[in-house]
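Please read the structure below before turning to the comments.
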Amino acid sequence: MGGTSSAAPDRGPDRSDTRPLLRICLAIFGLGCLWTACFAAGLPVPRVLMWLTVPATSVVAGLTALRVANAAGMHPAARRFWLHITVVEVLVALGASLMTAATFAGLTDRPLPFIGAAVPLLSIGLLLVMWALLRLPVGHRSRSEWLRLTLDGATVTAGAALFLWHLALRPLVATHADVGKFLGMLLIAILCLLALVAVMKVVLVGSGPVSAGSLRLLALTILIGCLASAAAPITNQPRWLGLQPISIIVNMLVVCAAAHVQRRSPDDPPDGPSSTRPRRRYSFLPYVGVGATSLLLAVEGIRAGTGHQSDIAAVACGAIVITGMVVARQFVALRDNAQLLDSVRRHEQQLEHQATHDVLTGLANRAAFSGVVDTTLDELAEPGGIAVVLIDLDDFKEVNDTLGHAVGDEVLIAVAARLRTAVRGDDVVARLGGDEFAVLLRHAPDDAAGRAAERMLSLLQQPVVAAGHQLLVHASIGVAHARPGDDLGAVLRNADIAMYAAKDRGKDGYVGYTPDLAARIQTHAELAADLRDALDTDRLFLRYQPIVLLDTGAIFGAEALLRFQHPTRGLVPPSEFIPIAEQSGLIVPIGRWVLREACRQAADWIRRHGTDALQSITVNVAGRQLRDPSFVDDVADALATAGLPPERLLIEVTETAVLNDGPAITALHELRRLNVRIALDDFGTAASSLGLLLTCPVTTLKLDRSFVEQITTVSRQAAVAQAVAHIAKTLDLQAVAEGIETAEQAELLRRQGYQLGQGYLYARPLAPEQLEPLLLKTRLISTP
């Protein structure tokens with residue numbers, strides 16, 4: 001049977017690999033070296049064999065460059081560059097072929113004609129290399145950078161031009177050489193200068209997408225070519241003719257090596273300022289030019305002083321020009337350095353400002369405010385000299401949740417501006433984070449700090465227009481005076497205690513710190529910790545107050561009421577520990593436990609006494625619970641675990657818990673979809689009670705006990721109770737009256753239309769075992 005191989009298919013040789021071609025070029029170079037050694041030793045070796053290696057190496061170099069240009073992942077600019085090099089090698093191969101043909105034809109008895117068909121091809125190839133170098137991308141640079149680079153390059157080029165004149169052209173002029181020889185040397189000098197410009201461009205500006213190692217090798221080929229051209233008058237002599245082909249072979253070998261280096265470099269380097277940044281080690285080149293020119297000027301000065309023929313005038317003019325360019329370069333560098341220093345100072349100032357100021361409002365931040373308060377406290381000599389004010393915006397989270405953070409940011413900016421106007425010039429206003437602000441009041445006795453807090457409240461209470469919304473901003477403010485010896489932490493803690501006391505008193509006000517506030521906060525903190533422990537130590541328990549039918553007095557349901565048995569204080573009133581549980585967030589896990597325990601107990605009663613014994617179990621739920629994302633799931637889980645039908649559970653919420661609270665209303669609608677019933681407790685005590693009936697899916701209205709207390713003696717209370725009963729009947733809702741303590745109250749409420757009631761007239765909150773006899777009695781009454 002045949003099988004399939006799991007090995008990867010053979011992809012064949014890598015067509016972009018330059019190593020085989022580099023080896024071929026090295027082999028040809030070795031043959032050339034051997035031939036040159038034999039020629040130099042006077043051995044009879046045919047020159048045509050040497051010249052045949054020249055076009056061969058040119059073809060190999062061209063193929064290597066083409067292979068690199070066609071490699072996958074090559075940067076477009078690098079690909080274009082290596083295609084130019086390929087064309088150059090084609091021109092060199094053609095020129096070398098002409099030289100080989102001339103040699104093969106027997107033109108060896110006279111100097112090989114460099115000024116012929118081969119020379120233009122080689123010269124065009126040299127120019128094309130320069131053009132390829134000059135076309136390499138340089139990235140984005142400022143005008144100042146270009147000016148510096150131009151002056152650097154011009155300085156080096158001018159120095160090279162001066163040396164070419166002095167060493168190559170001037171001797172020809174001095175000896176009155178023929179025009180052809182002078183023009184040939186002039187052409188060589190121009191090519192050398194152009195080559196130098198191309199090399200300087202790469203050296204000073206950078207390599208761009210082409211490998212830096214490749215460009216250094218290619219710059220070497222230009223140097224070799226220029227030296228070979230400059231040495232042409234010497235190598236045209238018969239005894240040196242063997243040096244001409246070997247110079248070309250060396251150049252081709254260097255080109256192959258440059259292509260190989262490019263192929264081994266990372267593919268597609270970034271083309272940008274980072275890849276074309278001038279390297280610091282080349283910054284000394286202009287000064288090398290100045291030094292060399294100065295040395296040449298000194299030599300010519302000595303020659304002139306000793307009576308020798310000298311070119312000191314031309315050298316001096318060149319030195320002046322070069323020195324002038326270096327001076328101009330220094331002026332540009334000084335100007336750039338001054339601008340850089342200014343930019344650094346501005347940046348430092350910006351960083352310092354950002355480190356000490358709030359980005360959104362421009363106020364001092366927490367770190368800066370703490371530093372100022374610390375310094376001021378160190379200088380404080382008498383009590384009451386300074387005060388720290390903490391401002392916390394009330395219910396600011398609702399602005400962000402309902403209108404978005406952009407509107408919230410506009411509100412914060414407006415608050416910051418108003419706080420600035422509420423204080424004196426030497427006072428410090430800061431944003432500590434979120435919606436919390438702080439003010440340091442200097443020279444502020446008790447009455448001055450209070451007046452400042454009142455000004456802040458007055459300014460903040462004015463409507464704020466943000467993104468087309470007119471919003472009312474309220475804040476809770478805490479004021480704490482510093483005493484000698486107080487540290488930053490103590491003052492801020494006192495102001496924080498006072499601010500939370502203002503929130504406890506109904507928000508939108510200010511409170512000055514007093515020591516008893518700290519004691520109260522400490523007591524609250526300890527009670528919160530005890531509540532947390534109570535969840536694990538069974539110190540929380542439920543009591544059940546019966547809800548009865550007003551017609552018969554039979555039990556209809558029961559309301560589960562939470563109690564807390566403190567280990568040292570005994571029974572803690574709900575009015576004391578419930579608010580602490582809500583503020584600390586403990587109301588969520590405590591409420592979850594209440595739901596499970598109440599549902600479990602109700603299900604147990606129904607199983608033992610029948611469905612007629614208990615129609616519903618009522619559980620009070622706080623607004624914090626309703627906003628908890630897992631609340632509806634908690635209710636469903638408690639019902640399922642206890643096996644209690646959803647319609648037997650009555651969730652009781654207060655008007656204030658759901659008023660203008662979208663998430664709470666959403667949670668109640670989800671509960672109604674589960675068939676859980678909803679009771680609106682303390683109906684009539686909030687400002688928008690009637691509006692809630694349109695948005696809140698209630699099934700039961702509970703008349704607040706404040707309308708029951710004097711219902712038999714105060715006609716207005718009786719009228720309100722009558723109105724609530726009428727509303728319930730009209731909307732087909734159950735009406736329950738709370739706080740019934742007398743038979744007269746119960747009778748009046750029954751006549752007004754209330755079906756259900758609860759209060760001390762019927763029973764106080766009872767333990768489960770105390771409620772058992774009442775449930776049994778209800779079952780006996782309902783049994784025919």
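Everything in the sequence shown is counted per UniProt numbering, starting at 1 for the first residue and increasing by one. We put the CB at the ideal spot given by N, CA and C, even for glycine. Remember, it's a predicted structure, so these values are computed and weren't measured experimentally.
Does DSSP put residue i in a helix, in a strand, or in coil?
i	result
tyrosine 754	coil
isoleucine 578	helix
threonine 700	strand
glycine 73	coil
serine 616	strand
tyrosine 513	coil
glycine 557	strand
alanine 448	helix
aspartate 271	Because aspartate 271 sits at a pLDDT of 43, beneath the cut-off of 50, its placement in the model cannot be relied upon, and the point is left open.
alanine 622	coil
valine 708	coil
arginine 764	coil
glycine 433	strand
aspartate 392	strand
isoleucine 547	strand
valine 428	strand
histidine 405	helix
valine 572	strand
alanine 598	helix
valine 714	coil
arginine 110	Low per-residue confidence applies at arginine 110: pLDDT is 46, beneath 50, and the placement is therefore not dependable, though the value from the model is reported in the following sentence. In this structure, arginine 110 counts as coil in the three-state DSSP scheme.
alanine 41	coil
histidine 176	coil
For the candidate residues the options, whose alpha-carbon lies nearest to that of residue i?
i	options	result
threonine 778	Pro546, Leu690, Thr730, Glu576	Pro546
alanine 444	Ala642, Gly623, Ile386	Ile386
tyrosine 544	Glu769, Ile190, Val708, Thr221	Glu769
valine 388	Ala367, Gly512, Gln354	Gly512
glutamate 647	Pro44, His176, Ala640, Asn675	Asn675
isoleucine 606	Phe631, Gly570, Ile555	Ile555
proline 515	Asp496, Gly739, Thr713	Asp496
glycine 468	Thr523, Val411, Leu457, Ala416	Val411
isoleucine 124	Leu91, Gly159, Arg677, Leu703	Leu91
tyrosine 754	Glu744, Ala767, Ala735	Ala735
leucine 471	Asp394, Leu542, Ala93	Asp394
proline 589	Pro573, Val635, Leu571	Val635
glycine 213	Leu253, Leu776, Ala257	Ala257
threonine 376	Arg80, Asp486, Asp508	Asp486
arginine 451	Val473, Val464, Arg424	Arg424
valine 708	Ile322, Ala743, Arg483, Ala328	Ala743
leucine 63	Cys317, Ser715, Leu21	Leu21
methionine 456	Thr421, Pro463, Arg539	Thr421
Alpha carbon to alpha carbon, what distance is there between residue j and residue i?
i	j	result
valine 548	tyrosine 760	12 angstroms
leucine 774	proline 645	22 angstroms
alanine 438	glycine 662	31 angstroms
glycine 595	isoleucine 391	For clarity, residue 595 is leucine in the given sequence; the question names glycine instead. Cα to Cα, leucine 595 sits roughly 37 angstroms from isoleucine 391.
aspartate 536	arginine 705	34 angstroms
leucine 748	leucine 517	45 angstroms
isoleucine 234	cysteine 38	Residue confidence for isoleucine 234 is low, a pLDDT of 49 falling below 50, so the modelled location carries little weight and cannot support an answer.
glutamate 454	tyrosine 510	8 angstroms
alanine 719	leucine 690	16 angstroms
isoleucine 85	leucine 218	10 angstroms
serine 766	alanine 638	Residue identity differs from the one stated: residue 766 is leucine in this sequence, not serine. In a straight line, the C-alpha of leucine 766 is about 22 angstroms away from that of alanine 638.
glutamine 625	alanine 416	33 angstroms
valine 290	threonine 155	8 angstroms
proline 76	threonine 157	30 angstroms
alanine 313	valine 288	21 angstroms
Of all the CB atoms in chain B, is at least one closer than 8 angstroms to the CB of residue i?
i	result
glutamate 709	In the structure shown, chain B cannot be found, because there is only a single protein chain.
| message | Threshold first: 3 residues or longer. Then list the beta strand (DSSP E) segments lying entirely within the segment 454-509, N to C. | response | Segments of the beta strand (DSSP E) lying fully in the segment 454-509: 464-466, 469-471, 475-481.
| Does the segment 402-421 come close enough to the segment 494-505 that 3 or more CB-CB pairs lie under 8 angstroms? | Look at the beta carbons and you see the segment 494-505 not touching the segment 402-421: under three pairs across the two are nearer than 8 angstroms.
| field | Sufficient close CB pairs (3 or more, under 8 angstroms) joining the segment 615-627 to the segment 649-660 | value | Using a Cβ-Cβ distance cut-off of 8 angstroms, the segment 615-627 and the segment 649-660 are in contact, since at least three pairs of beta carbons, one from each stretch, lie closer than that value.
| said: With three or more C-beta pairs closer than 8 angstroms as the rule, is the segment 418-436 touching the segment 353-365? | reply: Yes, the segment 353-365 touches the segment 418-436.
| field | Sequence ranges, beta strand (DSSP E) only - wholly within the segment 618-683, length at least 3 | value | The qualifying runs are 649-654, 677-683.
| field | Given 8 angstroms, three or more beta-carbon pairs between the segment 519-531 and the segment 562-580 | value | Below 8 angstroms, enough C-beta pairs join the segment 519-531 and the segment 562-580 to call them touching: three or more.
| At least 3 beta-carbon pairs within less than 8 angstroms: the segment 720-735 vs the segment 691-701 | Contact holds: three or more Cβ-Cβ distances are below 8 angstroms.
| message | Suppose only complete runs of 4+ residues qualify. What are the alpha helix (DSSP H) ranges in the segment 518-543, listed by chain order? | response | Unbroken alpha helix (DSSP H) runs of no fewer than 4 residues, entirely contained in the segment 518-543, are not found.
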